[in-house]
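Visitor:
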Amino acid sequence: FVNKMLCGESAECPICLYEIRGEWKRLLCNHVYHHSCIDSWLHSHAHCPMCRAPHMPNLYQRVVRYI
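Residue numbers (UniProt numbering): 1 to 67.
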C-alpha cells in the first residue's frame, strides 16, 4: 500500500537511509520504506530487507492468520 507521511511523523528508510517524506510503503511485517526503494528491492528479492519476512505470504499463511 502506498501512503503519505503525516505532519510531524518522521522515519528513516532502511534501504537508502534517508528520511521518509512523501510516499511510502508498509509491508505486511509493518516495516516502512520509500515507495521507490522497496519497489526496486522487491524486483530482485521476495522478502523484507529488515526481517526477511516473505513479501507475499502463501495462501495457507493468509488463511491461518485469520482463523
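C-beta: ideal position from N, C-alpha, C; glycine also.
Going by beta-carbon coordinates alone, are histidine 34 and proline 49 separated by less than 9 Å?
Guide: no
Visitor: Roughly how far, in whole angstroms, is the beta-carbon of lysine 25 from the beta-carbon of isoleucine 38, given that I think they are within contact range, below 8 Å?
Guide: Sure, about 5 Å apart at Cβ, within 8 Å.
Visitor: Just the C-alpha distance for alanine 46 and cysteine 29, rounded to the nearest angstrom, thanks.
Guide: 13 Å
Visitor: Below 7 Å CB to CB, which residues in the same chain sit around proline 54 once its five sequence neighbours on both sides are set aside?
Guide: Ala46 and His47
Visitor: With a 10 Å radius around its C-beta and 16 neighbouring C-beta atoms as the bar for buried, classify leucine 17 as buried or exposed.
Guide: exposed
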